[in-house]
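Novice:
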Amino acid sequence: TAEPIAELTAEPTAELTAELPTTLPFDLTAEPPTAPPADVVPDVVPAAAAEPADTSTVDELRAVVDELRAQLKVAHVRSEAELQDTRAQVATAAADAEHLETEHRRLLSAIEVAEARTAAAEADATDAAELAELRARAEEGREAVKALAALRTELDAAKAAAGEAMASATERVRAELSVELSELRAVA
Numbered sequence: 001t002a003e004p005i006a007e008l009t010a011e012p013t014a015e016l017t018a019e020l021p022t023t024l025p026f027d028l029t030a031e032p033p034t035a036p037p038a039d040v041v042p043d044v045v046p047a048a049a050a051e052p053a054d055t056s057t058v059d060e061l062r063a064v065v066d067e068l069r070a071q072l073k074v075a076h077v078r079s080e081a082e083l084q085d086t087r088a089q090v091a092t093a094a095a096d097a098e099h100l101e102t103e104h105r106r107l108l109s110a111i112e113v114a115e116a117r118t119a120a121a122e123a124d125a126t127d128a129a130e131l132a133e134l135r136a137r138a139e140e141g142r143e144a145v146k147a148l149a150a151l152r153t154e155l156d157a158a159k160a161a162a163g164e165a166m167a168s169a170t171e172r173v174r175a176e177l178s179v180e181l182s183e184l185r186a187v188a
């Protein structure tokens, strides 16, 4: 291995020196070549410009947007149906409340009449049997009023539950629509 190293480090011979050029084939101090004029069209067109634009991503995004719009429409129709059902329940509860209120007023009037007749019968004290019957009717009327009050309490609870259900359904639908609209905006 010593001989090749000696050959590399030895001084060049006269024959080798004669073969070397005396000047370089280019000027190191010269300015770099300028770019070709703008009107000169290069022979090679870049590959990116030659290929058509990839539209698959855009098509996929459009498909996602269309699907979200369809889901939003279905959710809107479902929420409208739920709201209509809740409104119908509230309207039915209101009609029942009005009917019970009318019945309550009728029973109160009947009680007043029965109590007046009872008072008159007690004052006259002419017919003990009629007095007992009137007292029984008055007691039945009082029980009916108690039952009506219980029904009214149940109706108020039903109205409150229907109102809460309507508010909950409305809030849930608004939340779903808000999420789907946010997704649509994010995709768009």
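Using UniProt numbering, you'd call the opening residue of the sequence shown number 1 and step up by one each time.
Ideal Cβ placement from N, Cα and C applies to all residues, glycine included.
Keep in mind that this is a model prediction, so the values were computed, not measured.
Taking glutamate 154 as the reference, give the member of Ala110, Leu100, Arg142 and Ala75 with the closest Cα.
Specialist: As a position in the sequence shown, residue 154 is number 154, starting the count at 1. Of Ala110, Leu100, Arg142 and Ala75, the residue nearest in Cα terms is Leu100.
Novice: Smallest Cα separation from leucine 177: which of Ala129, Arg152 and Ala70?
Specialist: Translated into the one-based positions of the sequence shown, residue 177 becomes position 177. The shortest C-alpha separation from leucine 177 is found at Ala70.
Novice: Closer than 8 Å by C-beta to alanine 110: which residues in its own chain qualify, once you throw out the five before and the five after it? Chain order, please.
Specialist: Stepping through the sequence shown from its first residue, residue 110 is reached at position 110. Only Gly141 meet the Cβ criterion.
Novice: To the nearest angstrom, report how far apart serine 56 and arginine 174 are at their CA atoms.
Specialist: Numbered from 1 along the sequence shown, position 56 holds the residue referred to as residue 56. Numbered from 1 along the sequence shown, position 174 holds the residue referred to as residue 174. Taking the straight line from one Cα to the other gives about 33 Å.
Novice: Kindly indicate which three-state DSSP category threonine 55 falls into: helix, strand or coil?
Specialist: Within the sequence shown, numbered from 1, the residue matching residue 55 stands at position 55. Coil, per DSSP.
Novice: Flag this pair as yes or no: are the beta carbons of alanine 162 and glutamine 89 separated by less than 8 Å?
Specialist: Here residue 162 refers to the residue found at position 162 when the sequence shown is read from its first residue. Here residue 89 refers to the residue found at position 89 when the sequence shown is read from its first residue. Going by C-beta atoms, alanine 162 is nearer than 8 Å to glutamine 89.
Novice: Alpha carbon to alpha carbon, how far is valine 145 from aspartate 131? Give it in angstroms, no decimals.
Specialist: Sequence index remark: in the sequence shown, residue 131 carries index 131 (1-based). Sequence index remark: in the sequence shown, residue 145 carries index 145 (1-based). The residue you asked about is not aspartate; residue 131 is leucine in the sequence shown. In a straight line, the C-alpha of leucine 131 is about 21 Å away from that of valine 145.
Novice: Are the Cβ atoms of alanine 114 and alanine 138 separated by less than 8 Å?
Specialist: Here residue 114 refers to the residue found at position 114 of the sequence shown. Here residue 138 refers to the residue found at position 138 of the sequence shown. Result yes, Cβ atoms of alanine 114 and alanine 138 sit closer than 8 Å.
Novice: My understanding is that leucine 68 touches glutamate 183, with C-beta atoms under 8 Å, so please give their C-beta distance in whole angstroms.
Specialist: For the purposes of this step, residue 68 is taken as residue 68 along the sequence shown, with counting starting at 1. For the purposes of this step, residue 183 is taken as residue 183 along the sequence shown, with counting starting at 1. Leucine 68 to glutamate 183, Cβ: 6 Å. Contact.
Novice: Using the three-state DSSP reduction, which class does lysine 159 fall into: helix, strand or coil?
Specialist: Reading the sequence shown from its first residue, position 159 is the one you call residue 159. The answer is helix: DSSP assigns lysine 159 an H, G or I state.
Novice: Cutting at 8 Å between CB atoms, please list the residues of its own chain near leucine 148, excluding the five before and the five after it.
Specialist: For this step, residue 148 is matched to residue 148 along the sequence shown. Closer than 8 Å at Cβ, skipping near neighbours: Leu100, Glu103, His104 and Leu107.
Novice: Can you give me the Cβ contacts of residue 203 inside the same chain, cut-off strictly under 7 Å, excluding the 5 residues immediately before and after it?
Specialist: Here the chain covers residues 1 to 188 and nothing more, so residue 203 does not appear.
Novice: Smallest Cα separation from alanine 160: which of Ala91, Leu72, Asp66 and Val64?
Specialist: On the sequence shown, residue 160 is found 160 positions in, with the first residue counted as 1. If we check each option's Cα against that of alanine 160, Ala91 comes out closest.
Novice: If we call anything under 8 Å between Cβ atoms a contact, is glutamate 180 one with alanine 75?
Specialist: Locating residue 180 in the sequence shown gives position 180, counting from the first residue. Locating residue 75 in the sequence shown gives position 75, counting from the first residue. Yes, they are a contact pair.
Novice: Is alanine 186 near threonine 86, with beta carbons less than 8 Å apart?
Specialist: Walking along the sequence shown from the start, residue 186 turns up at place 186. Walking along the sequence shown from the start, residue 86 turns up at place 86. No, the pair does not count as a contact, with Cβ atoms beyond the cut-off.
Novice: At the level of alpha carbons, what is the spacing between glutamate 82 and valine 58?
Specialist: By 1-based counting over the sequence shown, the position of residue 82 is 82. By 1-based counting over the sequence shown, the position of residue 58 is 58. Between glutamate 82 and valine 58, the C-alpha separation is close to 36 Å.
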